[in-house]
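Trainee: Here it is, the structure in full.
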Amino acid sequence: MVLVNVELSGALATVAGEKRLTLEATNIRLALDALAAKKGEDFRGRLFDPQGRPRRFINIYVNGRDYRFIDRLDTKLQDGDVVSIIPAVSGG
Amino acid sequence: MEVVYNLDDIRLDKETISKREKNLWRYRELLPIKDEDSIVDLGTGFTPLHRCRRLADELGLKNLYIKDDTVNPTNSFKDRPSSVAVSKAKEFGAEAVGCPSTGNLAAAVAAHAAKAGLPCYIFVPANTEANKVLQASTYGAHLVAVDGTYDQANRLAAQVAEEYGWAFVNINLRPFYVEGSKTLAFEICEQLGWEAPDSVIIPLGSGALFLAIKRGFEQFKELGLIEDKPIRLIGAQASGCAPIVEAFKAGLDDVIPIEHPDTVAKSLAIGDPGDGYYVLEAIQETGGLAESASDEEILEAINFLAEREGIFSEPAGSVTISVLRKLVEAGEIHPDETVVCCVTGSGFKAADTIQERLGALRVIEPSLEAFKAVKGGSA
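As they're listed, the protein sequences go chains W and L. Counting in this note's numbering, the first sequence runs from 10 upward without gaps. Counting in this note's numbering, the second sequence runs from 235 upward without gaps.
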């Protein structure tokens, strides 16, 4: 069993009602699906666009590295990995 | 989330604006602050719009202007969004403010936080230019150097803002923050005699400035303050970090992020531009373009601009001049167009980088003979 630690922030944490939780998932796609199934339709709508893709203004990191630089939704997860889901930020 | 104004209820005319103080708060009805006592103002905005005849002659253009935001209080356009966002933080009663920054925002937020009497926390990549760090630190901000890229500093700052509930201008105050930059568009129109330009060249980092300028022109059109004519918006990036330009040229509808940006234009070294998708849309909508320039071209443009127009730009500002030259050469800019280049930060910000290109200072004896020996042929 692969257990990963998920960290949420911003509006996603508010809607989810918690900032940290543990899920069972072997890749990012499955982790996001499990998260949406657990947190309900409102949360799902904030996480995914109508085409079922993660929304543009959400960044996802695996142990601090952007999932798009690894294997996007197919990025494999190991036991104990930290998946951070954070709103994108403007320039600075 | 974004700020929406009911423009039908806003009564604002040219005469009223013209009589007001020369700073960005002259457009206060179009800025998202309710309580005027909350306004934190260092005199930002209403920066010069220079008519650049020497540069224009050399490029074969008739109406070339530079919007010179190097002369804002902390020497970059970032004073605009910072003034609005720190005012909003004050209005909200925030305990502390802050931001992740490539350097310019750091100084701008730190200065406005000092004026507001708020603690300030800034997260910068460890390779940020020394003068930017020096400036922000001097205003009394707590500076945190992150061993990583801007995107990584961003991520950490987002977590810190969440953990402590602080008001981070480009994170949880983002909808208000981005409103400040649209005043650049308002000023361009007012300074052109309430006329809209034909084309505007804008540096692209995250893309937030580009979209703010677009929104500014749209609001002035809607209020009838300028004619409703097309304005072409052109984005400029450095080749070492050009995800938006690359997506534009490849005809993609979204940006592919770059993990390791590598450019002297450090203010633009944002590999994962948050507004990239919307910038691509805006370019399409306005009939605009996106072009990049190499580090060499960007550095050369600093001198090209300084020697002809007396404006000292950082690399992130001179990129608009490099792109202008390229587009003129490619026939993409018509000689009769009214073109505005946004020069968004002072050369002092990147003194280390610019210094590398200059030769050593020649020292002479204090005598006329010694001067004649080094004078050379020019007058």
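All C-beta atoms, glycine included, are put in the ideal place defined by N, C-alpha and C. All figures in this text were calculated on a predicted structure; none of them were measured in a lab.
Span of the beta strand (DSSP E) holding cysteine 475 of chain L?
Mentor: On the second sequence, residue 475 of chain L is found 241 positions in, with the first residue counted as 1. Per DSSP, cysteine 475 of chain L belongs to no beta strand (DSSP E) and is neither H nor E.
Trainee: Which residues bound the alpha helix (DSSP H) around valine 343 of chain L?
Mentor: Locating residue 343 of chain L in the second sequence gives position 109, counting from the first residue. Note, valine 343 of chain L: alpha helix (DSSP H), 338-350.
Trainee: Return the CA-CA distance between isoleucine 405 of chain L and alanine 392 of chain L, expressed in angstroms with no decimal places.
Mentor: Taking the first residue of the second sequence as position 1, residue 405 of chain L is located at position 171. Taking the first residue of the second sequence as position 1, residue 392 of chain L is located at position 158. Their Cα atoms are separated by approximately 7 Å.
Trainee: Where does cysteine 576 of chain L sit, in a helix, a strand or coil, going by DSSP?
Mentor: As a position in the second sequence, residue 576 of chain L is number 342, starting the count at 1. Correct three-state label for cysteine 576 of chain L: strand.
Trainee: May I ask you to list, following chain order, the residues of the region 13-34 of chain W that have a beta carbon less than 8 Å from some beta carbon of chain L?
Mentor: Correct list: Glu16, Ser18, Gly19, Ala22, Lys28.
Trainee: If you reduce the DSSP assignment to three classes, tell me which class glycine 358 of chain L lands in.
Mentor: Here residue 358 of chain L refers to the residue found at position 124 of the second sequence. Going by the sequence as given, residue 358 of chain L is valine instead of glycine. Valine 358 of chain L: strand per DSSP, three-state reduction.
Trainee: Going along the region 76-99 of chain W in order, which residues come within less than 8 Å of chain L, judged by CB to CB distance?
Mentor: Answer in chain order: Arg77, Phe78, Ser93, Ile95, Pro96, Ala97, Val98, Ser99.
Trainee: Would you check if the distance between the CB atom of threonine 308 of chain L and the CB atom of glutamine 369 of chain L is smaller than 8 Å?
Mentor: Within the second sequence, the letter at position 74 stands for residue 308 of chain L. Within the second sequence, the letter at position 135 stands for residue 369 of chain L. In contact: threonine 308 of chain L and glutamine 369 of chain L (Cβ atoms closer than 8 Å).
Trainee: Would phenylalanine 454 of chain L pass as a contact of phenylalanine 420 of chain L if the rule is Cβ separation under 8 Å?
Mentor: Along the second sequence, read from residue 1 onward, the residue named residue 454 of chain L stands at position 220. Along the second sequence, read from residue 1 onward, the residue named residue 420 of chain L stands at position 186. Their beta carbons are under 8 Å apart, which means phenylalanine 454 of chain L touches phenylalanine 420 of chain L by this criterion.
Trainee: What span of residues does the beta strand (DSSP E) with asparagine 14 of chain W cover, start to end?
Mentor: Counting from 1 along the first sequence, the entry for residue 14 of chain W is found at position 5. From DSSP, the beta strand (DSSP E) with asparagine 14 of chain W extends over 12-17.
Trainee: Give a yes or no on whether the minimum CB-CB distance between glycine 439 of chain L and chain W is below 8 Å.
Mentor: The sequence position of residue 439 of chain L within the second sequence is 205, counting from 1. Yes - at least one Cβ of chain W is within 8 Å of the one on glycine 439 of chain L.
Trainee: Mind listing the chain W neighbours of glutamine 393 of chain L? Cutoff is C-beta to C-beta under 8 Å, in chain order.
Mentor: For the purposes of this step, residue 393 of chain L is identified with residue 159 of the second sequence, where counting begins at 1. Those are Glu16, Ser18, Ser93, Ile95, listed as they occur along chain W.
Trainee: For the region 49-80 of chain W, list every residue whose C-beta sits within 9 Å of some C-beta in chain L, in sequence order.
Mentor: Against chain L - using a Cβ distance shorter than 9 Å - the residues of the region 49-80 of chain W are Arg65, Phe66, Asn68, Tyr70, Gly73, Arg74, Asp75, Arg77, Phe78.
Trainee: Would you call the region 412-419 of chain L in contact with the region 479-494 of chain L, where contact means no fewer than 3 C-beta pairs closer than 8 Å?
Mentor: These segments do not touch.
Trainee: Could you give the first and the last residue of the continuous beta strand (DSSP E) run that contains proline 437 of chain L?
Mentor: Taking the second sequence and counting its residues from 1, one reaches residue 437 of chain L at position 203. Looking at the DSSP string, the run of the beta strand (DSSP E) that includes proline 437 of chain L is 433-437.
Trainee: Measure the alpha-carbon distance for glutamate 396 of chain L versus asparagine 306 of chain L and round it to whole angstroms.
Mentor: Residue 396 of chain L sits at position 162 when you count from the first residue of the second sequence. Residue 306 of chain L sits at position 72 when you count from the first residue of the second sequence. Rounded to the nearest angstrom, the two C-alpha atoms are 31 Å apart.
Trainee: Could you check how far apart the C-beta atoms of alanine 476 of chain L and threonine 336 of chain L are, in whole angstroms? I think they sit under 8 Å.
Mentor: The count along the second sequence starts at 1 and reaches residue 476 of chain L at position 242. The count along the second sequence starts at 1 and reaches residue 336 of chain L at position 102. Not a contact, Cβ separation roughly 15 Å.
Trainee: How would you call lysine 296 of chain L, buried or exposed, if buried means at least 16 neighbouring beta carbons within 10 angstroms?
Mentor: Taking the first residue of the second sequence as 1, we reach residue 296 of chain L at position 62. Looking at its Cβ environment, which holds fewer than 16 other Cβ atoms inside 10 Å, lysine 296 of chain L is exposed.
Trainee: Output yes if chain W places a C-beta closer than 8 Å to the C-beta of serine 601 of chain L; else output no.
Mentor: What you label residue 601 of chain L is simply residue 367 of the second sequence in a count that begins at 1. Closer than 8 Å: no.
Trainee: Look up leucine 283 of chain L in the DSSP assignment and say whether it is helix, strand or coil.
Mentor: The count along the second sequence starts at 1 and reaches residue 283 of chain L at position 49. Leucine 283 of chain L falls in the strand class under three-state DSSP.
Trainee: Quick check: what's the CA-CA separation for leucine 457 of chain L versus valine 434 of chain L?
Mentor: Working through the second sequence from its first residue, we reach residue 457 of chain L at position 223. Working through the second sequence from its first residue, we reach residue 434 of chain L at position 200. Each residue's Cα considered, the two are about 20 Å apart.
Trainee: Where does asparagine 36 of chain W fall in DSSP's three states?
Mentor: Position 27 of the first sequence, counting from 1, holds the residue named residue 36 of chain W. Residue state, collapsed to three classes: strand.
Trainee: Quick check: the Cα distance between lysine 324 of chain L and proline 409 of chain L, rounded to an integer number of angstroms?
Mentor: By 1-based counting over the second sequence, the position of residue 324 of chain L is 90. By 1-based counting over the second sequence, the position of residue 409 of chain L is 175. About 15 Å.
Trainee: Could you give the first and the last residue of the continuous beta strand (DSSP E) run that contains proline 334 of chain L?
Mentor: In the second sequence, the residue the question calls residue 334 of chain L occupies position 100. Unbroken beta strand (DSSP E) run through proline 334 of chain L: 331-334.
Trainee: Can you give me the C-alpha to C-alpha distance between isoleucine 598 of chain L and phenylalanine 605 of chain L, rounded to a whole angstrom?
Mentor: Here residue 598 of chain L refers to the residue found at position 364 of the second sequence. Here residue 605 of chain L refers to the residue found at position 371 of the second sequence. Their Cα atoms are separated by approximately 7 Å.
Trainee: Nearest-angstrom Cα distance between glycine 565 of chain L and aspartate 58 of chain W?
Mentor: Residue 565 of chain L sits at position 331 when you count from the first residue of the second sequence. Residue 58 of chain W sits at position 49 when you count from the first residue of the first sequence. Roughly 40 Å separates the two Cα atoms.
Trainee: What residues from chain W crowd round asparagine 388 of chain L, counting only those whose CB sits closer than 7 Å?
Mentor: To locate residue 388 of chain L, count along the second sequence from 1; it is residue 154. By Cβ distance, chain W contributes Val98.
Trainee: Roughly how many angstroms lie between the CA atoms of aspartate 302 of chain L and glutamate 543 of chain L, to the nearest whole one?
Mentor: Translated into the one-based positions of the second sequence, residue 302 of chain L becomes position 68. Translated into the one-based positions of the second sequence, residue 543 of chain L becomes position 309. C-alpha separation (whole angstroms): 11 Å.
Trainee: Quick one: any contact between the region 550-564 of chain L and the region 522-536 of chain L, if contact means 3 or more CB pairs under 8 Å?
Mentor: Judged by Cβ distances under 8 Å, the region 550-564 of chain L makes contact with the region 522-536 of chain L, as three or more pairs qualify.
Trainee: Rounded to a whole number of angstroms, what is the C-alpha to C-alpha distance between cysteine 354 of chain L and glutamate 603 of chain L?
Mentor: As a working mapping, residue 354 of chain L is identified with position 120 in the second sequence. As a working mapping, residue 603 of chain L is identified with position 369 in the second sequence. Their Cα atoms are separated by approximately 55 Å.
Trainee: Which residues in the same chain as glutamate 363 of chain L place their Cβ atom closer than 8 Å to its Cβ, once the five residues preceding and following it in sequence are excluded?
Mentor: Sequence index remark: in the second sequence, residue 363 of chain L carries index 129 (1-based). So the qualifying residues of the chain are Gly337, Lys500, Lys583, Ala584, Ala585, Asp586, Thr587.
Trainee: What residue ranges within the region 32-90 of chain W form continuous beta strand (DSSP E) runs of no fewer than 3 residues, ordered along the chain?
Mentor: With a minimum length of 3 residues, the continuous beta strand (DSSP E) runs that stay inside the region 32-90 of chain W are 67-71.
Trainee: Using a Cβ-Cβ distance under 8 Å, would proline 491 of chain L count as near chain W?
Mentor: One-based indexing of the second sequence puts residue 491 of chain L at position 257. Closer than 8 Å: yes.
Trainee: Tell me which residues share the same chain as threonine 578 of chain L and place their Cβ nearer than 7 Å to its Cβ, disregarding the 5 neighbours each side in the sequence.
Mentor: As a position in the second sequence, residue 578 of chain L is number 344, starting the count at 1. Excluding residues within five positions, the ones whose Cβ falls inside 7 Å are Asp303, Ser310, Phe311, Pro437, Ala550, Gly551.
Trainee: Quick check: what's the CA-CA separation for leucine 265 of chain L versus lysine 448 of chain L?
Mentor: The residue labelled residue 265 of chain L in the question sits at position 31 within the second sequence. The residue labelled residue 448 of chain L in the question sits at position 214 within the second sequence. Whole-angstrom Cα-Cα distance: 15 Å.
Trainee: For lysine 48 of chain W, is the classification buried or exposed, using 16 other Cβ atoms within 10 angstroms of its Cβ as the cut-off for buried?
Mentor: Here residue 48 of chain W refers to the residue found at position 39 of the first sequence. Under this definition lysine 48 of chain W is a buried residue.
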